[in-house]
Structures are given as C-alpha cells and as structure tokens.
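Scroll down for the structure; my scribbles are underneath it.
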Amino acid sequence: MNAAAPTLVTRPGFLARRRRAYLLFVLPALLVVGAVIIFPWAFTVWMSAFDWKIGSVAHFVGLDNYTQLATNTRFLESILHTFYFTVLAVVFPLILGTAAALIFHREFPLRGMLRSIFTMPMMATPVAVALVWTMMFHPQQGVLNYLLSLVGLPPSLWVYSPTWVIPSLVLVEIWHWTPLIMLIVLGGLAALPTEPYESARLDGASEWQLFRYITLPLLAPFLIVAAVIRTIDALKAFDTIYVISQGGPGTASETINLYLYLQAFAFYNVGNASAVVVVFFVIILALALLLLHVREKAKWT
Amino acid sequence: MDVAAARPMPAPGARSARWRRKLRKIGFGFSVLVIVSPAILVFLWMLSLSLKNEIDNITYPPVFIPSELTFRNFVQVFSENSMGLYFWNSIVVSGLATLVALAVGVPAGYGIARTQAHKLTVLILIARMTPALSYLIPLFTVFQLLGLNNTRTALVITHLVITVPIIVYVMAGHFETLPRELEEAALIDGGSVWTTFRYVALPLARPGIVVATILAFIFSWNNFVFGAVLAGRATRTLPAAVYNVLTFEQLAWGPLAAAAIVVTLPVLLLTIVIQKEIVVGLTHGGIKG
Numbered sequence: 007m008n009a010a011a012p013t014l015v016t017r018p019g020f021l022a023r024r025r026r027a028y029l030l031f032v033l034p035a036l037l038v039v040g041a042v043i044i045f046p047w048a049f050t051v052w053m054s055a056f057d058w059k060i061g062s063v064a065h066f067v068g069l070d071n072y073t074q075l076a077t078n079t080r081f082l083e084s085i086l087h088t089f090y091f092t093v094l095a096v097v098f099p100l101i102l103g104t105a106a107a108l109i110f111h112r113e114f115p116l117r118g119m120l121r122s123i124f125t126m127p128m129m130a131t132p133v134a135v136a137l138v139w140t141m142m143f144h145p146q147q148g149v150l151n152y153l154l155s156l157v158g159l160p161p162s163l164w165v166y167s168p169t170w171v172i173p174s175l176v177l178v179e180i181w182h183w184t185p186l187i188m189l190i191v192l193g194g195l196a197a198l199p200t201e202p203y204e205s206a207r208l209d210g211a212s213e214w215q216l217f218r219y220i221t222l223p224l225l226a227p228f229l230i231v232a233a234v235i236r237t238i239d240a241l242k243a244f245d246t247i248y249v250i251s252q253g254g255p256g257t258a259s260e261t262i263n264l265y266l267y268l269q270a271f272a273f274y275n276v277g278n279a280s281a282v283v284v285v286f287f288v289i290i291l292a293l294a295l296l297l298l299h300v301r302e303k304a305k306w307t
Numbered sequence: 043m044d045v046a047a048a049r050p051m052p053a054p055g056a057r058s059a060r061w062r063r064k065l066r067k068i069g070f071g072f073s074v075l076v077i078v079s080p081a082i083l084v085f086l087w088m089l090s091l092s093l094k095n096e097i098d099n100i101t102y103p104p105v106f107i108p109s110e111l112t113f114r115n116f117v118q119v120f121s122e123n124s125m126g127l128y129f130w131n132s133i134v135v136s137g138l139a140t141l142v143a144l145a146v147g148v149p150a151g152y153g154i155a156r157t158q159a160h161k162l163t164v165l166i167l168i169a170r171m172t173p174a175l176s177y178l179i180p181l182f183t184v185f186q187l188l189g190l191n192n193t194r195t196a197l198v199i200t201h202l203v204i205t206v207p208i209i210v211y212v213m214a215g216h217f218e219t220l221p222r223e224l225e226e227a228a229l230i231d232g233g234s235v236w237t238t239f240r241y242v243a244l245p246l247a248r249p250g251i252v253v254a255t256i257l258a259f260i261f262s263w264n265n266f267v268f269g270a271v272l273a274g275r276a277t278r279t280l281p282a283a284v285y286n287v288l289t290f291e292q293l294a295w296g297p298l299a300a301a302a303i304v305v306t307l308p309v310l311l312l313t314i315v316i317q318k319e320i321v322v323g324l325t326h327g328g329i330k331g
C-alpha cells in the first residue's frame, strides 16, 4: 500500500460498500451451487445414516451402513478393482503423455495439425468412443484381434476375459486421456528456462542426461498437477466402463462407481449407496491430498 | 558450421554425421507416426464402419475401404430410431444449462476476481472431485417427490452441476487478466458497480465468455449418466439414447457407428474453435500449477 492521501477509491467505507456489491454478483451462483451441489452433499451424508429403499419407509440405523460396507466383500473387491484400474490409468498416460509432449515441443512439418488430431480423443463423447471400442474389442470380428494377428500374436478375449477386462478398459482410458497429460506437460516445457541446457551442453551432457537431470526435475510440478487430475478422473471413470463391460464379466471390472450405480439405480438401496458415496469421496480426497503433499515436498528439494 | 568451407570436399566424418542426422530424422518421424496413429485409426475406423454396408462390417479379416460407399446407416438411425428427437433434446438440455450457468456464472466470476474471494473456488474443486453419480441420488429422490423425473427440466437442473463450476472458474480467471484501470475510472466517475460491470468489464470479457460457453456446452453434451438415469424415453439426450435405445441387440454395427459419429461430431467441431483453451476447461479446479 502506498502512503498517499486517501482518495475516493481507497477510503475504507467506499471499499467495504463495493465489496458488498461484488458479493451480490456471486450470490445467484452461490444459490445454484447450494441447490445442486451442497444440498445433494448434505442429503447424501444424512441419508447414509438410514436404511432406505425408494418406495419404502426409512429407518435410522446410525453407522450401520458403514460397518456393513467394511465386511461387504463385493464392495471391498470393487475398491481393489478401482485401485488397479487407477494405477494403470495414471502411470501409462503420464509416461506416454510426457513422451508425446517432448515430441510436440519440437518443430516439424504439420505440427499444428497433427497436434489437433492427437488431442481429439479427449474431447470426443465418452459413450460414442466406448461404442466404437466395444466393436473393436469383439473377439471374432473385432479389428484389434486382426491387428494382433498381423504382428503374429494370438487373439485375445479382451473385455470378455476376467483377467484382461481391466487392462483392456485402461487401454481405452489411455487412448482417451493421454492428450490431456500431453497438453499439461507441453505447457510446462514451454515455460522451461534455456540457460541450464546451454551450460550443461558445454559440459558435454548427453541428451538423456539433459532430460533426466534438467527437464524432468523442472517439469515435476506440472507432472504432479497432471497426476492429481488424472487420479481424480480415473477414480471417477464411469461412462466407458459402464458401456463396454457393465462391470463384468461377473464383477471382474466392477469399480466403486459401478457398484454405487447398481446399488442406487438398479436396487434402489439409497441409504447404502449414500454411504458408498461418502467413503468414495474420502478415498478421492485422501489420494488428492497425498499427491498435493508430494508436490509441496518436491518444491522444497 | 561453416557451410562454404564444408561443401567442396566433405570430410569422411561429416558424411557419417549427415547419415546420422538423417537416421535421427527418420526415427523422429516414426515416433510422431506412432504417437498420432491411435487417434487417427480409431476415428477412421469409426468413419469406415458407418459408411460400409453390413456385409463389409462383419467380414473377417476386416475391410477398411468400403466396397460400396453408403449413407444408409445415417439415414436409418434418423428415420427409424428418432435420432433427430434425441439430437434436439441434447441441444435443448445443454443449451439451457449453459445459458442459465452464464447468467449466474459470469457475474460470479467477476465478483470472485474483484474481491479476490478465492476460497469460493475451493467449492469448485470439491465439485470437480465429487463423482457425478453422487449428485444423482439426492436429486433423483427430490425430482421423484416433485414429479420431475423423465422431464427435460430435471435434466437441465442437473446439468447445472457441470456447467456452473466451469463457467465460474473460467470467468474468474479471465476477469483477473483484464486491466482494472478502465473500471476504476468508471467507478470514480460515479458509475455503480453494476454499470461498470455491464458497460466496461463485460464487453472486454467477450473472448473469455466464448471459451466458457463452448467448454460448458461440450461437457454438458458429453455427459451420459444424468440422461441415462433421469430421462424418460422421449427426453433422453444423445449419449443416453445411444446407449439405451440403440443397442447391440437391436442394431447392426453400421448404424451404431453412424450414431456414434452424430453424437460426437458437434463436439469435435467445437473443439477446433477453442483448441488452446481446452486445457483450462479440463483442469478446472485442478489447482493452478
């Protein structure tokens, strides 16, 4: 603040009045957010304490829904499926997205057009994409088994095999979301300083050393932001899994989100499903905070 | 390197260096090809399926180039499967949800930017982290009570979950980048906060509003689960209809691929308009780097 005489704009009463006026701007949005975001939240936490099926009377059961979840093997398995899916769906897009960003960071002919094509998958409607992948996964007529046969590999059952269904679904996820990681990392690359590279080159560093000891550490904050976003999105993945495998075969690809959907909208167990939502949110929050904590640490070193 | 000196008599070392450079160029071109081809292949395959007749679609090994180019698949989904109605539903739902979100979200973004009330953006972060399904259980129950299930109104209200956070987030960021001198001058001249917003800030913010609108519309358009749960037979949005009505049991691959293209083409076209700002939309609430 400068010490000049108070003008009209800096006089305290004026500022306070203006602040109040600005808050009026926010009010309508707050009301909408309250109605469609905060109310559902409060309602969910409240409902999670009831045994309630739509169409019947609700009974207050306290924490029973939660204690039941703790021993519900189907739910616990769905947590494992979710973690398995998420780890694969974060690690591979991060590696491939970084590689793609390093490629698109260089100058080459048609770069703009190729980058647009590369980023198209992430905006495509997930259901439409899932439909096409379902056809590609088809064990008899699918194009993927044809491609495997071209390189001499045996055909796969893809999403019809309990062991391969999650990796196959991750394949769709990688295809869909690697572009987003690429764009985030590309933004990071554009912001890198050039001096460290010049001096390292003079010292005779190889391209790999440049990447390993200069680029990668400088990119770390961007990679972590990318990892946080990817983790949140992978945990929440629903559309493609639901359309392609419906959680099957059996329950082999039933993630928390799929389990939640079935409880709520196939069995109408609203109380139980609400408890799942709360647990689910806690898991998402915990993982996001963990990754942000890693970021804070990375900043200090 | 000194070109003039190198030209007349290339040293043996220079020759192998040139080869190495050429090889590296080919290797780089190859890696570009590898990284871009999955996107190209899937979209081309989608297009190929939609333009082939059924015989081509079920032969093995698969045929990439149609033996006979046909638009019958597109005609079929529109004439026999009321694709037109679902398309209209999607436009109404995403359009209205985006308009309402603009009405409340643009002023809110302005208010947040000018009061530096960044705590409000935490709400947006929480909204981003919450699985969409969890909004559905309470809203479904309330709509049931109000008799709103299976109506477009219920869908528009639910889609606000998607559109409002995006617009608030993009607009707050955009208003922060606008110069404040003009607004200060207008306020000192006796303009109210509202007239300053309306006649000074708003016209300057037009590019930001375009981006926010397109992003909100795209995300609303792409949403599947709200329509799948809340809509009735006649009010389904395109993604929900593609899954619920046009199923593998009823339709062949050709019409299904044609339907998939109809669903996603508008979005891909809009994407081209806002290329550079897409990242902002997809990472919204995702903590600034």
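Protein chains in written order, with the working numbering: chain A, 7 to 307; chain B, 43 to 331.
A virtual CB, placed ideally from N, CA and C, is assigned to each residue, including glycine.
Predicted, not measured: the structure shown is a model, and the values here were computed from it.
Among the options, which residue has its Cα nearest to the Cα of residue i?
| i | options | result |
| --- | --- | --- |
| Val234 of chain A | B:Ile100, B:Gly137 and B:Arg170 | B:Arg170 |
| Ile77 of chain B | A:Ala41, A:Ser155 and A:Ile101 | A:Ile101 |
| Gln292 of chain B | B:Gln118, B:Ile107 and B:Val105 | B:Gln118 |
| Asn115 of chain B | B:Ala283, B:Gln317 and B:Val304 | B:Val304 |
| Met88 of chain B | B:Leu311, B:Pro308, B:Gln317 and B:Ala302 | B:Ala302 |
| Pro180 of chain B | A:Thr257, A:Val276 and A:Phe286 | A:Val276 |
| Leu216 of chain A | A:Ile247, A:Phe228, A:Phe56 and A:Tyr203 | A:Tyr203 |
| Leu177 of chain A | A:Leu189, A:Leu224, A:Ala105 and A:Val93 | A:Val93 |
| Ala270 of chain A | B:Phe261, B:Leu178, B:Leu83 and B:Ile97 | B:Leu178 |
| Ser332 of chain B | A:Ala27, A:Phe114, A:Gly254 and A:Phe98 | Coverage of chain B is limited to positions 43 through 331, which leaves residue 332 of chain B absent and any answer about it impossible. |
| Leu30 of chain A | B:Arg240, B:Leu127 and B:Trp236 | B:Trp236 |
| Tyr102 of chain B | A:Thr125, A:Ala48 and A:Leu153 | A:Leu153 |
| Val282 of chain A | B:Ser176, B:Leu188 and B:Leu91 | B:Ser176 |
| Thr237 of chain A | A:Leu69, A:Leu37 and A:Leu295 | A:Leu295 |
Work out the CA separation of residue j and residue i for me, nearest whole Å.
| i | j | result |
| --- | --- | --- |
| Trp164 of chain A | Glu260 of chain A | 16 angstroms |
| Tyr90 of chain A | Val284 of chain A | 21 angstroms |
| His87 of chain A | Ile262 of chain A | 8 angstroms |
| Leu298 of chain A | Thr279 of chain B | 37 angstroms |
| Ser335 of chain B | Ile68 of chain B | For chain B, the structure presents residues 43 to 331; residue 335 of chain B sits outside this window and is missing. |
| Glu223 of chain B | Val242 of chain B | 10 angstroms |
| Thr131 of chain A | Thr306 of chain B | 5 angstroms |
| Pro75 of chain A | Ile85 of chain A | Per the sequence presented here, residue 75 of chain A reads as Leu, with Pro not at that position. Cα to Cα, the separation comes out at about 11 angstroms. |
| Leu167 of chain B | Ala159 of chain B | 14 angstroms |
| Val231 of chain A | Thr172 of chain B | 18 angstroms |
| Val148 of chain B | Met213 of chain B | 6 angstroms |
| Asp57 of chain A | Asn71 of chain A | 7 angstroms |
| His65 of chain A | Ala55 of chain A | 9 angstroms |
| Leu220 of chain B | Thr157 of chain B | 14 angstroms |
| Ala35 of chain A | Val206 of chain B | 7 angstroms |
| Ala273 of chain B | Tyr166 of chain A | 30 angstroms |
| Trp181 of chain A | Arg117 of chain A | 19 angstroms |
| Phe70 of chain B | Thr313 of chain B | 27 angstroms |
| Leu195 of chain A | Ala206 of chain A | 17 angstroms |
| Gly151 of chain B | Pro245 of chain B | 15 angstroms |
| Val96 of chain A | Ala240 of chain A | 7 angstroms |
Just curious, the alpha helix (DSSP H) that residue i is in, first and last residue?
| i | result |
| --- | --- |
| Tyr274 of chain A | Unbroken run through Tyr274 of chain A: none, as it is neither H nor E. |
| Ile101 of chain A | Thr79 to Phe110 |
| Ser162 of chain A | Careful: Ser162 of chain A lies outside any alpha helix (DSSP H) and carries neither H nor E. |
| Gln74 of chain A | Asp70 to Ala76 |
| Val134 of chain B | Met125 to Thr157 |
Quick check on residue i: does DSSP put it in helix, strand or coil?
| i | result |
| --- | --- |
| Lys59 of chain A | strand |
| His216 of chain B | helix |
| His144 of chain A | coil |
| Phe185 of chain B | helix |
| Phe217 of chain A | helix |
| Phe106 of chain B | coil |
| Phe290 of chain B | coil |
| Glu113 of chain A | coil |
| Phe45 of chain A | helix |
| Phe113 of chain B | coil |
| Phe124 of chain A | helix |
| Pro66 of chain A | The residue asked about is misnamed: residue 66 of chain A is Phe in this sequence, not Pro. If DSSP states are grouped into helix, strand and coil, Phe66 of chain A belongs with the strands. |
| Thr101 of chain B | coil |
| Leu86 of chain B | helix |
| Phe266 of chain B | coil |
| Arg278 of chain B | coil |
| Ala169 of chain B | helix |
| Leu190 of chain B | coil |
| Ser121 of chain B | helix |
Hey, which unbroken runs of the alpha helix (DSSP H) at 4 residues or more fall wholly within the segment 232-285 of chain A?
With a minimum length of 4 residues, the continuous alpha helix (DSSP H) runs that stay inside the segment 232-285 of chain A are 245-250 and 262-267.
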